[in-house]
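Asker: 1 is the number of the first residue of the sequence shown in the UniProt record's numbering; add one for each residue after it. Don't be surprised by glycine CBs; every beta carbon is placed ideally from N, CA and C. All values reported here derive from a predicted model rather than from experimental measurement. Below you'll find the structure I mean.
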Amino acid sequence: MPSTSSHKGAACPACKRALEDAVTAACGHIFCQLCLPPPSHMGAQPSSRVLLCPLCKEKEETETLVAPVPLGPLGETYCEEHGEKIYFFCEKDAEFLCVFCREGPTHQAHTVGFLDEAIQPYRDRLRSRLEALSMERDEIEDIKNREDQKLQVLLTQIESKKQQVKTAFERLQQELGEQQCLLLARLTELEQQIWKERDEYILKVTEEVVRLGAQVKELEEKCQQPASELLQDVRVNQSRCEMKTFVSPEAISSDLVRKIRDLHRKILTLPEMMSTFSENLVHHLETDSGVVTLDPQTASQSLVLSEDRRSVRCTRRKQNLPDSTLRFQRLPAVLGSPGFCSGRHDWQVEVQLGDGGGCSVGVAREGVGRAEQGLSADRGVWAVGLSHQQCWASTSPVTDLPLDGIPRSLAVSLDYEAGRVTLLNAETRAPIFTFTASFSGRVFPFFAVWKEGSCLTLKG
């Protein structure tokens, strides 16, 4: 094993003192420069450029044998076993070697190279790995930045939606408050009119009572008069005795009664209107309007699906499709995905009918028969059909539906727990037909289209 120390702590093998001006030979031995004997001491001419290592006596050219010992980490590493400087590396055993280790029997048959040479492949691999890691790090950082941007966009959208919700409900509360004030003001106005007409009525009746009282008193006095006095004013008395018809005033005018009745009818419908609004709001918020796609494994061979699986059209030539027990065999139909076993869901379909063509849109249970020609609610299909001439619901028997024109798009609303499937005109939101059923297991969007030129396209 190698050991690492500075030159100051190492001893010269020639003089046994601390190394001073250390030099090394190609053989790997290290010694003081002063301990290098001149060529004459080694049996050579003074002008010779050949010297011998003072330890192993190996003869080499001076230029190749003598060089300053590197002061870097490699120059500070020594073999623990021999105390010699490490110059070599065994690739097989991954060990550092001195000269004696290299010539020893353990490593003679191994691939051994100088440290600078042996380290290069490792450096290359490290650089390659470093480049790969750097690229991977940069890629991850780019991904992180992109995801952070997406996250920031989503957070911005959420904040915007929160503000929209807050504004919408504040506006609704304001409008409801204004309508409440308006209704209360109208009721207060009617109340004031009632009191006004009541006061006028009481005044008229009181005046009539007073007038009649005075007349009664006068006639009572006349009745007590002697005959001679009474007969003197007989004509006047007779006119006073004639009954005048009293026209009884209305306590409340008919116009005011009509206004009260009309407002009363409107107020009576308020709880129902509020309940309907609340139900519609809850239905809207709880309804899942997720993306519906067409399932190619269920598509009839007479149908062609778009690449994004959002559109289906009918073709005269049957497609060469893999056999599947899920595929509709006789009916030109296809199921949508995903299936539903709970909750509220809706989706919209754009309708395009070819000459003599038609379509059917709705919901089907998972186990609906694929080999049947006619499908109806009692067979697990709740759908509305359209053609250029008519509209019908897949009840048993079929229910013909009145329809003013062919809708350009249909909306399907599924309430699984309520067991309700409603088909609507997607543009006007006018209901076309509502099925009621008791669902069990999953149900799927259902689409059927026939005649070339007819096409259904999922919207949203």
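1) Please return the same chain residues whose Cβ sits closer than 8 Å to the Cβ of Gly460, not counting the five positions on each side in sequence.
2) Kindly indicate the opening and closing residues of the beta strand (DSSP E) around Ala364.
3) Under 7 Å, do Phe89 and Ala118 count as touching if we go by C-beta distance?
4) Buried or exposed, going by whether 16 or more other CB atoms sit within 10 Å of the CB of Leu386?
5) Between the beta-carbon of Val282 and the beta-carbon of Arg365, is there less than 7 Å?
6) Could you tell me whether the Cβ atoms of Arg309 and Thr293 are closer together than 7 Å?
7) Quick one: Cα of Leu400 to Cα of Gln390, how far?
8) Is Leu303 helix, strand or coil by DSSP?
9) Could you give the distance in angstroms between the alpha-carbon of Ser47 and the alpha-carbon of Gln33?
10) Alpha carbon to alpha carbon, how far is Arg146 from Asp138? Give it in angstroms, no decimals.
11) Quick check on this structure: which residue in Gly374, Ser300, Lys318 has the alpha carbon closest to the alpha carbon of Ser324?
12) Assuming Ala118 is part of the alpha helix (DSSP H), what are its boundary residues?
13) With a 10 Å radius around its C-beta and 16 neighbouring C-beta atoms as the bar for buried, classify Val165 as buried or exposed.
14) Looking only at its own chain, which residues have a Cβ that is under 8 Å from the Cβ of Leu187, when we skip the five neighbours before and after it?
15) Measuring alpha carbon to alpha carbon, tell me which of Ile194, Ile202, Pro226, Ala214 ends up nearest Ser254.
16) Using three-state DSSP, classify Glu95 as helix, strand or coil.
17) Assuming contact is defined by CB atoms lying nearer than 7 Å, are Ala383 and Ser396 in contact in what I supplied?
18) Just the Cα atoms here: how many angstroms apart are Leu321 and Leu305?
19) In whole angstroms, what is the alpha-carbon distance linking Leu268 and Phe447?
20) Using a threshold of 7 Å, state whether the C-beta atoms of Tyr416 and Gly339 are closer than that.
21) In whole angstroms, what is the alpha-carbon distance linking Val449 and Gly380?
22) Please determine, among Arg313, Pro431, Val99, Asp93, the residue with the shortest C-alpha to C-alpha distance to Asp81.
23) Straight-line CA distance for Leu335 to Pro296?
24) What runs of the beta strand (DSSP E), each 3 residues or longer, lie entirely inside the segment 365-390?
25) Ignore the nearest five residues each way along the sequence and tell me which others in Met273's own chain have a CB closer than 6 Å to its CB.
26) Sort out for me which residues DSSP pairs residue 487 with in a bridge.
27) By how many angstroms is the C-alpha of Leu172 removed from the C-alpha of Ile260?
28) Determine the direct distance from the alpha carbon of Leu183 to that of Gly369, and round the result to whole angstroms.
29) I need the straight-line Cα distance from Lys150 to Asp142, nearest angstrom please.
30) Distance, Cα to Cα, Phe328 vs Ser278?
31) Tell me, to the nearest whole angstrom, how far the beta carbon of Ala426 is from that of Ala411; I am working on the premise that it is less than 8 Å.
32) For Gly113, which of Gln174, Phe96, Asp124, Ser128 has the nearest alpha-carbon?
33) With a threshold of 16 other CB atoms inside 10 Å of the CB of Thr206, please say whether the residue is buried or exposed.
34) Note down the Cα distance separating Phe433 from Thr422, rounded to an integer number of angstroms.
35) Where does Lys161 land, buried or exposed, given buried means 16+ other C-beta within 10 angstroms?
36) Could you tell me the boundaries of the beta strand (DSSP E) in which Pro332 lies?
Answerer: Considering the structure as presented:
1) Position 460 of the sequence shown, counting from 1, holds the residue named residue 460. Contacts found: Ser289, Val291, Trp347, Gln348.
2) Walking along the sequence shown from the start, residue 364 turns up at place 364. Note, Ala364: beta strand (DSSP E), 358-365.
3) Within the sequence shown, numbered from 1, the residue matching residue 89 stands at position 89. Within the sequence shown, numbered from 1, the residue matching residue 118 stands at position 118. A contact, by the Cβ cut-off of 7 Å.
4) Taking the sequence shown and counting its residues from 1, one reaches residue 386 at position 386. Looking at its Cβ environment, which holds 16 or more other Cβ atoms inside 10 Å, Leu386 is buried.
5) Taking the first residue of the sequence shown as 1, we reach residue 282 at position 282. Taking the first residue of the sequence shown as 1, we reach residue 365 at position 365. Not in contact: Val282 and Arg365 (Cβ atoms no closer than 7 Å).
6) By 1-based counting over the sequence shown, the position of residue 309 is 309. By 1-based counting over the sequence shown, the position of residue 293 is 293. Going by C-beta atoms, Arg309 is nearer than 7 Å to Thr293.
7) In the sequence shown, the residue the question calls residue 400 occupies position 400. In the sequence shown, the residue the question calls residue 390 occupies position 390. Before going further, note that residue 400 is Asp rather than Leu in the sequence given. Their backbone Cα atoms lie some 8 Å apart in a straight line.
8) One-based indexing of the sequence shown puts residue 303 at position 303. In the structure shown, Leu303 sits in a strand (DSSP, three-state: E or B).
9) Here the question's residue 47 lines up with position 47 in the sequence shown. Here the question's residue 33 lines up with position 33 in the sequence shown. A caution first: Ser47 carries a pLDDT of 40, below 50, which makes its placement in the model too unreliable to give a value.
10) Taking the first residue of the sequence shown as position 1, residue 138 is located at position 138. Taking the first residue of the sequence shown as position 1, residue 146 is located at position 146. When rounded, the distance between both Cα atoms is 12 Å.
11) Against the sequence shown, residue 324 aligns to sequence position 324. Measuring from the Cα of Ser324, the nearest candidate turns out to be Ser300.
12) Here the question's residue 118 lines up with position 118 in the sequence shown. Per DSSP, Ala118 belongs to the alpha helix (DSSP H) from 115-223.
13) Within the sequence shown, numbered from 1, the residue matching residue 165 stands at position 165. Val165 is exposed by the Cβ-count criterion.
14) In the sequence shown, counting from the first residue as 1, residue 187 sits at position 187. Excluding sequence neighbours, Leu187 sits near Leu263.
15) Here residue 254 refers to the residue found at position 254 when the sequence shown is read from its first residue. The option with the nearest alpha carbon to Ser254 is Ile194.
16) As a working mapping, residue 95 is identified with position 95 in the sequence shown. In the structure shown, Glu95 sits in a strand (DSSP, three-state: E or B).
17) On the sequence shown, residue 383 is found 383 positions in, with the first residue counted as 1. On the sequence shown, residue 396 is found 396 positions in, with the first residue counted as 1. Cβ atoms of Ala383 and Ser396: not closer than 7 Å.
18) Here residue 321 refers to the residue found at position 321 of the sequence shown. Here residue 305 refers to the residue found at position 305 of the sequence shown. Cα to Cα, the separation comes out at about 12 Å.
19) For this step, residue 268 is matched to residue 268 along the sequence shown. For this step, residue 447 is matched to residue 447 along the sequence shown. Each residue's Cα considered, the two are about 43 Å apart.
20) Reading the sequence shown from its first residue, position 416 is the one you call residue 416. Reading the sequence shown from its first residue, position 339 is the one you call residue 339. Not in contact: Tyr416 and Gly339 (Cβ atoms no closer than 7 Å).
21) What you label residue 449 is simply residue 449 of the sequence shown in a count that begins at 1. What you label residue 380 is simply residue 380 of the sequence shown in a count that begins at 1. Those two C-alpha atoms are separated by around 18 Å.
22) Sequence index remark: in the sequence shown, residue 81 carries index 81 (1-based). Here residue 81 turns out to be Glu, not Asp, going by the sequence shown. For the residues Arg313, Pro431, Val99, Asp93, the minimum Cα distance to Glu81 belongs to Val99.
23) Reading the sequence shown from its first residue, position 335 is the one you call residue 335. Reading the sequence shown from its first residue, position 296 is the one you call residue 296. Approximately 8 Å, taken between the alpha carbons.
24) 381-387
25) Here residue 273 is taken as the residue at index 273 of the sequence shown, counted from 1. There are no such residues.
26) Lying outside 1 to 460, the shown extent of the chain, residue 487 is not represented and no answer is given.
27) If you number the sequence shown from 1, residue 260 lands on position 260. If you number the sequence shown from 1, residue 172 lands on position 172. When rounded, the distance between both Cα atoms is 27 Å.
28) The residue labelled residue 369 in the question sits at position 369 within the sequence shown. The residue labelled residue 183 in the question sits at position 183 within the sequence shown. Rounded to whole angstroms, Gly369 to Leu183 spans 57 Å at the Cα level.
29) Mapped onto the sequence shown, residue 150 falls at position 150. Mapped onto the sequence shown, residue 142 falls at position 142. The straight-line gap from Cα to Cα measures roughly 12 Å.
30) In the sequence shown, the residue the question calls residue 328 occupies position 328. In the sequence shown, the residue the question calls residue 278 occupies position 278. So the alpha carbons of these two residues sit roughly 41 Å apart.
31) Taking the sequence shown and counting its residues from 1, one reaches residue 426 at position 426. Taking the sequence shown and counting its residues from 1, one reaches residue 411 at position 411. Between Ala411 and Ala426 the Cβ distance is about 4 Å, and since that is below 8 Å, they are a contact.
32) Sequence index remark: in the sequence shown, residue 113 carries index 113 (1-based). Measuring from the Cα of Gly113, the nearest candidate turns out to be Phe96.
33) For the purposes of this step, residue 206 is taken as the residue at position 206 of the sequence shown. Under this definition Thr206 is an exposed residue.
34) Your numbering for residue 433 matches position 433 in the sequence shown. Your numbering for residue 422 matches position 422 in the sequence shown. Roughly 6 Å between the two C-alpha positions.
35) In the sequence shown, the residue the question calls residue 161 occupies position 161. Classification for Lys161: exposed.
36) As a first step, residue 332 must be located in the sequence shown, where it is residue number 332. Here Pro332 belongs to no beta strand (DSSP E), and DSSP marks it neither H nor E.
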